[in-house]
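Number of protein chains: 4
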Amino acid sequence: MTQSDGPIGNLEGMEAVRAARIEWRLGQILSAATKLLSEQGFQKMLITDLAREAGVSVGTIYQYVNTKEDILLLVVNDIIESYRREVPAAMEGIEDPVERLAAGFSAYCLVVDSHRTGALLAYQESKSMSRVGRERLMQLEVETNSYFSDCIRDGVRTGKFVPVDPAVVSATLTMMAHMWALKHWYLSAMFDVNSYTRNQLSLITKALVAVEFQNGYAHLVDHI
Amino acid sequence: MTQSDGPIGNLEGMEAVRAARIEWRLGQILSAATKLLSEQGFQKMLITDLAREAGVSVGTIYQYVNTKEDILLLVVNDIIESYRREVPAAMEGIEDPVERLAAGFSAYCLVVDSHRTGALLAYQESKSMSRVGRERLMQLEVETNSYFSDCIRDGVRTGKFVPVDPAVVSATLTMMAHMWALKHWYLSAMFDVNSYTRNQLSLITKALVAVEFQNGYAHLVDHI
Amino acid sequence: MTQSDGPIGNLEGMEAVRAARIEWRLGQILSAATKLLSEQGFQKMLITDLAREAGVSVGTIYQYVNTKEDILLLVVNDIIESYRREVPAAMEGIEDPVERLAAGFSAYCLVVDSHRTGALLAYQESKSMSRVGRERLMQLEVETNSYFSDCIRDGVRTGKFVPVDPAVVSATLTMMAHMWALKHWYLSAMFDVNSYTRNQLSLITKALVAVEFQNGYAHLVDHI
Amino acid sequence: MTQSDGPIGNLEGMEAVRAARIEWRLGQILSAATKLLSEQGFQKMLITDLAREAGVSVGTIYQYVNTKEDILLLVVNDIIESYRREVPAAMEGIEDPVERLAAGFSAYCLVVDSHRTGALLAYQESKSMSRVGRERLMQLEVETNSYFSDCIRDGVRTGKFVPVDPAVVSATLTMMAHMWALKHWYLSAMFDVNSYTRNQLSLITKALVAVEFQNGYAHLVDHI
DNA sequence: CATGAATGAGTATTCATTCAT
DNA sequence: AATGAATGAATACTCATTCAT
Numbered sequence: 000m001t002q003s004d005g006p007i008g009n010l011e012g013m014e015a016v017r018a019a020r021i022e023w024r025l026g027q028i029l030s031a032a033t034k035l036l037s038e039q040g041f042q043k044m045l046i047t048d049l050a051r052e053a054g055v056s057v058g059t060i061y062q063y064v065n066t067k068e069d070i071l072l073l074v075v076n077d078i079i080e081s082y083r084r085e086v087p088a089a090m091e092g093i094e095d096p097v098e099r100l101a102a103g104f105s106a107y108c109l110v111v112d113s114h115r116t117g118a119l120l121a122y123q124e125s126k127s128m129s130r131v132g133r134e135r136l137m138q139l140e141v142e143t144n145s146y147f148s149d150c151i152r153d154g155v156r157t158g159k160f161v162p163v164d165p166a167v168v169s170a171t172l173t174m175m176a177h178m179w180a181l182k183h184w185y186l187s188a189m190f191d192v193n194s195y196t197r198n199q200l201s202l203i204t205k206a207l208v209a210v211e212f213q214n215g216y217a218h219l220v221d222h223i
Numbered sequence: 000m001t002q003s004d005g006p007i008g009n010l011e012g013m014e015a016v017r018a019a020r021i022e023w024r025l026g027q028i029l030s031a032a033t034k035l036l037s038e039q040g041f042q043k044m045l046i047t048d049l050a051r052e053a054g055v056s057v058g059t060i061y062q063y064v065n066t067k068e069d070i071l072l073l074v075v076n077d078i079i080e081s082y083r084r085e086v087p088a089a090m091e092g093i094e095d096p097v098e099r100l101a102a103g104f105s106a107y108c109l110v111v112d113s114h115r116t117g118a119l120l121a122y123q124e125s126k127s128m129s130r131v132g133r134e135r136l137m138q139l140e141v142e143t144n145s146y147f148s149d150c151i152r153d154g155v156r157t158g159k160f161v162p163v164d165p166a167v168v169s170a171t172l173t174m175m176a177h178m179w180a181l182k183h184w185y186l187s188a189m190f191d192v193n194s195y196t197r198n199q200l201s202l203i204t205k206a207l208v209a210v211e212f213q214n215g216y217a218h219l220v221d222h223i
Numbered sequence: 000m001t002q003s004d005g006p007i008g009n010l011e012g013m014e015a016v017r018a019a020r021i022e023w024r025l026g027q028i029l030s031a032a033t034k035l036l037s038e039q040g041f042q043k044m045l046i047t048d049l050a051r052e053a054g055v056s057v058g059t060i061y062q063y064v065n066t067k068e069d070i071l072l073l074v075v076n077d078i079i080e081s082y083r084r085e086v087p088a089a090m091e092g093i094e095d096p097v098e099r100l101a102a103g104f105s106a107y108c109l110v111v112d113s114h115r116t117g118a119l120l121a122y123q124e125s126k127s128m129s130r131v132g133r134e135r136l137m138q139l140e141v142e143t144n145s146y147f148s149d150c151i152r153d154g155v156r157t158g159k160f161v162p163v164d165p166a167v168v169s170a171t172l173t174m175m176a177h178m179w180a181l182k183h184w185y186l187s188a189m190f191d192v193n194s195y196t197r198n199q200l201s202l203i204t205k206a207l208v209a210v211e212f213q214n215g216y217a218h219l220v221d222h223i
Numbered sequence: 000m001t002q003s004d005g006p007i008g009n010l011e012g013m014e015a016v017r018a019a020r021i022e023w024r025l026g027q028i029l030s031a032a033t034k035l036l037s038e039q040g041f042q043k044m045l046i047t048d049l050a051r052e053a054g055v056s057v058g059t060i061y062q063y064v065n066t067k068e069d070i071l072l073l074v075v076n077d078i079i080e081s082y083r084r085e086v087p088a089a090m091e092g093i094e095d096p097v098e099r100l101a102a103g104f105s106a107y108c109l110v111v112d113s114h115r116t117g118a119l120l121a122y123q124e125s126k127s128m129s130r131v132g133r134e135r136l137m138q139l140e141v142e143t144n145s146y147f148s149d150c151i152r153d154g155v156r157t158g159k160f161v162p163v164d165p166a167v168v169s170a171t172l173t174m175m176a177h178m179w180a181l182k183h184w185y186l187s188a189m190f191d192v193n194s195y196t197r198n199q200l201s202l203i204t205k206a207l208v209a210v211e212f213q214n215g216y217a218h219l220v221d222h223i
């Protein structure tokens, strides 16, 4: 590490430096883009303004992305990666389907809350994406749905849940999480993420859990 | 109708003709815009293409709207008017809060289904609207929510509903109706509007109706 | 005149009526155009606004003129006709070249004053005219110049005037009259037409009249 | 110049380069605009054509001006700056009011001659300017007038000039200089700037200078 | 004759992207 | 690698003119 690397240099080290710079630049661009996208939307966000906000030149941005749309994908991708990382991790190792679903839903809501702009983008800017970008997004939403629907199917099979259609319910849970971003203008006056999450979990529990097991999940249910 | 109109002409009649023409033209523009907006989004919809699609000239469009944004408002307004017309009408005269809520929700879903493009626009193109257009939209959503929340509060008071927060629940119902448009790409493979509506009503009923009354609403509940 | 004209009508009378109507309509258009042109200029004057101002429909205007430019020519022509009518009439029958020139200049200034808008138009809107319109204007200005230059030549020949170039001087007199319109924003705070005219005549007299005749024209000279 | 500039570069030098480029570009645009404006007028001059004439792209023009009107102001400003530079400089240090006035007038005529298009623009395109542009123009004409009127007042006080109204006379002198541009189509067939200037100076001298001093300014007076 | 709704060619302005330095 | 000046295709909106009623 500390020894001289010679005139040709430590190739691996240079690669690492390069990768780190790329990471760093993309991070700059990502956070500047997130700010501007939430304020102005994709069409009104100018590359010029983005460059100023990120503290780099226009040319530099194009060294890291190929088109303006790539910047959108950068932001959307960021939240999707968070879903894939956080949601399964939260559900991991929990046997009881009710608790597992609750843990997954809570994790999902927390990711939405910490990436509100990105969560909205999928709804607001899908028309700004290419066909492939759009389809990838749908594909990933189906993937997330499956974490929930597997769990629901499991609960229905074991009798913890009343018989429901796992597809609608999982989609509805996803929607409820997104709702925190979509209706934040309305909900944030009354709730924070945690109270919102508990409130919706309460509804979900009452709707899904079989009567004979309801008492066991009182800790998930809000009593207003 | 049968009397002579005199030399100056039938002024009232001329006004009526004018109003009818305006109505007709706006209808042409509205349906052409609805088509193009759903295909391409607001930014990519060119006035030139809209004119061709509507079968009129560019100049004619600008005789009926002042800016491109007005065309967006035209479409959004159309669905909003449908909500205001259909939802209260469907709830009118129904005493029982559960039945009333179900009727309102069903009506809402049907309106969404028949105006899917317009329903999406509020989510996709809000950044293309002026501040006033956006605020008007929020205002009207709050209004629709109140139809539901009044009903829920009523049900909670009379003990038909378990205690819930009317604000979240009504917002969630609205969201569930919008969900039919937002996730149509996913849901339409499994459901039509009616089965979707019943499915969600089934969840809602289980979540909201107090246990001792659940049996009375079996007709609202899907048994898969 | 008073007898019935039968079904075919009095053709001559009808012609007269038609001519009178044309006259009347052109008068309406002329005065509306004069107003709007002075307020907004040619390019910003819309035919639609002109129609409203004149109290007729757009179509009616086009029944009396062929193009928008014709409306400009209408106004310009109006002032030119006034020059041709008033200036020679004022100079008519005056023998003395100094008095004749003074009479012509005064008449010219009065016409400019009563048609200020039209007088400006030749300077402001020449680029809005076709080549022929522009050339006709120049031609007519040369004609007016000649009233003055003939008179000056006459005065120089008889020794009343010092030797000067009739072309520059006559053009300068024309310019001084136009100046009342061109610099009205500046001059009107200090003068009315008459005092302005006397002031300029005073200068002209001192510049042109031979010293030995100066005393005879004291009535033309302002003593401040 | 010779010292090393260090890693950050010569910031002052970069600023200077930038300023020089702006100067150069504005010069390109100015001369192209002057040409097209004189040929076609403001309304008919297209930005597209201007770009071609200037040898740059449309986008580049908009990097140096904000609106089409700014281009007009660029040209008008150019001549106004010349007046302010040349006229006082020419009058500077000349004691005798007659000689001083003659020097100022000559300088003014030369500026008009070398910027004929710009001089016309103030008359032709004032309606194309914003209120502030127009008012600035008037303000600056009043300023130029004051160079002359101060001089005239001086001459009247010392008895070199006959009593005249300095305001009208100075305005008339300004007008006479502008006249070389306004009536160039007529005057250029007979004169060049110098002979025109002498001719008018000759008139002015005869009109203003008191009889007892006239002989001293024979060199200003044309004897045809 | 009068009307005024319909037309559509014409144009200023924007902004993602490039590339010489 | 970074810069930012230059590019030019793309597009909303205007308004003189027409013509069916």
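Protein chains in written order, with numbering that gives the first Met the number 0: chain A, 0 to 223; chain B, 0 to 223; chain C, 0 to 223; chain D, 0 to 223. Each residue gets a CB set at the ideal place from its N, CA and C atoms; glycine is no exception. For clarity, every value in this text was computed on a predicted model and none was experimentally measured.
Think of a sphere of 7 Å around the beta carbon of G40 of chain B: the chain A residues whose beta carbon falls inside it are K126, in chain order. Three or more Cβ pairs drawn from the segment 110-123 of chain D and the segment 75-87 of chain D lie within less than 8 Å of each other, which places the two stretches in contact.
Residues of the same chain with a CB within less than 7 Å of the CB of Y216 of chain C, apart from the 5 flanking positions on each side, are V97, T204 and V208 in chain order. In the assembly as shown, E22 of chain C is an exposed residue. Its beta-carbon has fewer than 16 other beta-carbons within 10 Å. Looking from the CA of I151 of chain A, the closest CA among A:E14, A:P165 and A:L139 belongs to A:P165. One finds M137 in chain C with Cβ atoms closer than 9 Å to the Cβ of W184 of chain D, taken in chain order. Nearest C-alpha to S105 of chain C among C:E94, C:M90, C:A31 and C:E68: C:M90. By the criterion of a C-beta distance shorter than 7 Å, V111 of chain B is surrounded in its chain by A118, A176, H177, W179 and A180, once the five residues flanking it on both sides are discounted. Closer than 8 Å to the CB of L45 of chain D there is not a single CB belonging to chain C. For F147 of chain C, the enclosing alpha helix (DSSP H) stretches over residues R130 to T157. Straight across, the Cα-Cα distance linking V210 of chain A with A188 of chain B is about 31 Å. Across the set A:V163, A:V86 and A:G158, the C-alpha of A:V163 shows the shortest separation from the C-alpha of A206 of chain A. Assignment of V55 of chain B by DSSP, reduced to helix, strand and coil, places it in the coil class. Sorting A:M174, A:L72, A:V86 and A:L100 by C-alpha distance to the C-alpha of L29 of chain A places A:L72 at the top. One thing to note: T173 of chain C has its Cβ no nearer than 8 Å to the Cβ of E124 of chain C.
Listed along the chain, the chain D residues whose CB falls inside 9 Å of the CB of Q123 of chain C are Y122, Q123, E124, S125 and K126. Ranked by Cα distance from T157 of chain A, the first of A:D95, A:R133 and A:R20 is A:D95. Under the Cβ distance rule, T116 of chain D does not count among the residues neighbouring chain C, no pair being separated by less than 8 Å. At a cut-off of 8 Å between beta-carbon atoms, N76 of chain D makes no contact with chain C.
Taking 8 Å as the upper bound for CB-CB distance, F160 of chain A and G154 of chain A are in contact here, some 4 Å apart. If you check each beta-carbon in the segment 196-216 of chain A against every beta-carbon of chain B, the ones closer than 8 Å belong to N198, Q199, S201, L202, I203, K205, A206, L207 and V210. Annotated three-state conformation of F212 of chain D is helix, per DSSP. DSSP places S169 of chain D inside the alpha helix (DSSP H), whose first and last residues are P165 to L181.
For Y107 of chain B, the closest C-alpha among the options B:Q42, B:R83 and B:V57 is that of B:R83. Just so you know, the alpha carbons of Y63 of chain D and I46 of chain A end up roughly 19 Å apart. Put simply, the CB of A170 of chain A is near chain B, with a gap under 8 Å to one of its CB atoms. Selection D:K34, D:K182 and D:A170 evaluated against V168 of chain C yields D:K182 as nearest (Cα-Cα). Straight across, the Cα-Cα distance linking D149 of chain B with A101 of chain B is about 13 Å. Taking a 10 Å sphere around the C-beta of R115 of chain B, we find 16 or more other C-beta atoms and assign the residue as buried. Taking a C-beta cut-off of 8 Å against chain B, the contacting residues of the segment 152-179 of chain A are V161, P162, V163, D164, A166, V167, V168, A170, T171, M174, M175 and M178, listed in chain order. Annotated three-state conformation of F160 of chain C is strand, per DSSP.
Judged by DSSP secondary structure, I203 of chain A falls within the alpha helix (DSSP H) whose first and last residues are V192 to L207. V74 of chain B places its beta carbon less than 8 Å from that of A32 of chain B. Counting the other CB atoms within 10 Å of its CB gives A18 of chain A a total below 16, which places it among the exposed residues.
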